Amino acid sequence: MNFVRSDFPPGFLFAAATSSYQIEGHGSGGAGPTHWDSFAATPGNVVRAENGQRACDHYHRWEEDLDLMQAMGLDAYRFSTSWARVLPEGRGAINPQGLDFYDRLVDGLLARNLKPMVTLYHWELPAALADLGGWRNPDVAHWMADFATIIMTRIGDRVFSAAPINEPWCVAWLSHFMGQQAPGLRDIRATAHAMHHVLTAHGRCIQAMRALGMKNLGAVCNFELAHPADPSPDAAVKARLYDGIYNRFFVGGLFKGTYPEEVMEGLSPHMPKGWENDFDLIRSPIDWFGINYYTCKRIAPAPEAWPGFSEVEGPLPKTQMGWEIYPDGLEQILTWLQRDYTGALPLYVTESGMANADTPQRPDTARIDYLDAHLAAARRAVAQGVPLKGYTFWSLMDNYEWALGYEKRFGLVHVDFETLTRTPKASYHALREALAR
719 MNFVRSDFPP GFLFAAATSS YQIEGHGSGG AGPTHWDSFA ATPGNVVRAE
769 NGQRACDHYH RWEEDLDLMQ AMGLDAYRFS TSWARVLPEG RGAINPQGLD
819 FYDRLVDGLL ARNLKPMVTL YHWELPAALA DLGGWRNPDV AHWMADFATI
869 IMTRIGDRVF SAAPINEPWC VAWLSHFMGQ QAPGLRDIRA TAHAMHHVLT
919 AHGRCIQAMR ALGMKNLGAV CNFELAHPAD PSPDAAVKAR LYDGIYNRFF
969 VGGLFKGTYP EEVMEGLSPH MPKGWENDFD LIRSPIDWFG INYYTCKRIA
1019 PAPEAWPGFS EVEGPLPKTQ MGWEIYPDGL EQILTWLQRD YTGALPLYVT
1069 ESGMANADTP QRPDTARIDY LDAHLAAARR AVAQGVPLKG YTFWSLMDNY
1119 EWALGYEKRF GLVHVDFETL TRTPKASYHA LREALAR
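For the sequence shown, my numbering gives the first residue as 719, with consecutive numbering after it.
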């Protein structure tokens, strides 16, 4: 790795990230069913119909996993809580085993001098709430705020930071318009409601955590640079629309209290009643903002109904996901956000990494190169005045990659999904050496 700690500002945090359903083993500890269990059980939705019932069995092996992070020299760990593990029906009766697990996890992190960075929700809605409409139902914001109060009453006094929702675009658009993740809908009205309600839920959770006296609260969105697939004016218009849906819709709501006009041309007839009155809630003040960045996209016009665009394969080298490797995009996203939306607000890269077809016998040198290039892009953004305060690697270990099952490996640590043996990869060792310098 071509960096040392002193290349970044004093106090800069290096972290690794995971999410609950992807690693914990949802079949353990009294967790209730989620809409991901239903989605995975539906033929054709997930590779080999794989699910997160065992995953990496982090629920039982968390101490080993925390030891790996400590040995790597990380400063923090970004993890998510499982709503259905704490509240098996989404509301009502609390599962004490769930609260106890997160209590042990936070104490274990602090004992290893790792800062706990918590995300309340990483895509796994309790099935009982999905039955009530899930993200289409405006009450989801209240249900989630109640969950925030319960879990943070237990651990909120000891966490370093907290954010309500990981990647609103995935929660709303990918899952309700494209149908590629739970609940697997392709419905524009459901999409419009979900895109708005994910932000009202964010606001209510921020307010609920503030009421507990918590500080250092933020939001986490994912971003992609949208390039026109060709020089035509139509391609430029469609790339701008893609950018509006993917990038500007959510930061526009969070920081400006508006949604992009070109996006609302398609969504406004389907929006929930009174949506225009919710921006004071959505704009509840936050203390930091997180950026998940992986790739860029090439967008072309498509002869179909709104939004009328398609993704076209680009020329750059690809990851195992087929995503172009474009480190310059991270620098561009960071500088754009600071200039147009976040100003002096502290920023964190909350996810950065690549899927790679590596094995314990095949070093993941491609991942080393990927992270090296993206860390260099982050340093260039810092040099331009971006108040970047930390960088988080996705992911600590190979895990359940949602609709792609266990095929795609993002981990710094290899997991044998038969034996669950953990084996640090070359990228793990390279980062450990760089962080120790």
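Glycine included, C-beta positions come from ideal geometry on N, C-alpha and C. Just so you know, these numbers come straight off a predicted model, no measurement behind them.
8 Å Cβ cutoff, residue i in contact with chain D
i	result
Ala863	Within the model displayed, chain D is absent; a lone protein chain is all it includes.
Alpha-carbon spacing of residue i relative to residue j, whole angstroms
i	j	result
Leu985	Ala1073	33 Å
Ala944	Ser1028	11 Å
Arg1150	Met787	9 Å
Phe1135	Pro728	39 Å
Gln1038	Asp1082	12 Å
Lys1143	Asp1090	15 Å
Gly826	Leu935	22 Å
His1147	Leu1034	27 Å
His1132	Glu980	43 Å
Pro814	Val804	7 Å
Pro1025	Ile963	9 Å
Phe1128	Tyr795	16 Å
Leu1122	Gln740	11 Å
Ala929	Arg876	16 Å
Ala881	Arg1140	28 Å
His911	Ala845	18 Å
Asp783	Glu742	11 Å
Ala919	His860	7 Å
His894	Ile1017	20 Å
Glu942	Asp961	8 Å
Met1115	Tyr1011	18 Å
Ala749	Ala802	6 Å
Thr760	Gly931	42 Å
Tyr1059	His1092	22 Å
Gly970	Ala890	16 Å
Trp754	Asn763	10 Å
Asp905	His914	15 Å
Gly874	Val1030	44 Å
Pro856	Thr909	13 Å
Pro946	Leu959	11 Å
Phe819	Glu807	18 Å
Trp1112	Leu1130	8 Å
Assigned exposure category for residue i - 16 Cβ within 10 Å defines buried
i	result
Glu1042	buried
Gln1079	exposed
Met835	buried
Glu994	exposed
Ala1099	buried
Gly1061	exposed
Gly1047	buried
Asn720	exposed
Pro987	exposed
Lys933	exposed
Met862	buried
Gln1102	exposed
Ala1023	exposed
Thr871	exposed
Gly770	buried
Ala1075	exposed
Pro951	exposed
Lys991	exposed
Asp793	buried
Thr736	buried
Val938	buried
Pro901	buried
Gly1040	exposed
Val1104	buried
Arg922	buried
Ala767	exposed
Assumed close pair residue i, residue j - CB separation to whole angstroms, cut-off 8 Å
i	j	result
Pro978	Phe968	The Cβ separation is near 10 Å, so there is no contact.
Thr1013	Thr1068	Incorrect: roughly 16 Å between the Cβ atoms, too far for contact.
Ala866	Leu838	6 Å
Glu842	Ser879	Not really, about 21 Å apart at Cβ, beyond 8 Å.
Leu1052	Ile1009	7 Å
Asp730	Lys1107	Residue identity check: residue 730 is Phe in the sequence provided, not Asp. 6 Å between Cβ atoms; contact.
Ala1084	Pro1045	The pair is not a contact, with the Cβ atoms about 13 Å apart (cut-off 8 Å).
Residues bridged to residue i [DSSP beta-bridge criterion]
i	result
Thr918	Looking at the DSSP assignment, Thr918 forms no beta bridge with any residue, so it has no partner.
Arg1140	Val1133
Ser879	Met835
Trp1112	Ala735
Leu843	Leu843 pairs with nothing; no bridge assigned.
Leu693	Here the chain has residues from 719 to 1155 only, and residue 693 is not among them.
Asn884	Val938
Enumerated in chain order, which unbroken segments of the alpha helix (DSSP H) with a length of 4 residues or greater are wholly contained in the stretch 752-817?
753-759, 776-790 and 801-804
I'd like the ranges of any alpha helix (DSSP H) spanning at least 4 consecutive residues and lying wholly in the stretch 1006-1083.
1046-1055
Going residue by residue through the stretch 930-981, where are the continuous alpha helix (DSSP H) segments of at least 4 residues, counting only ones entirely within it?
951-961
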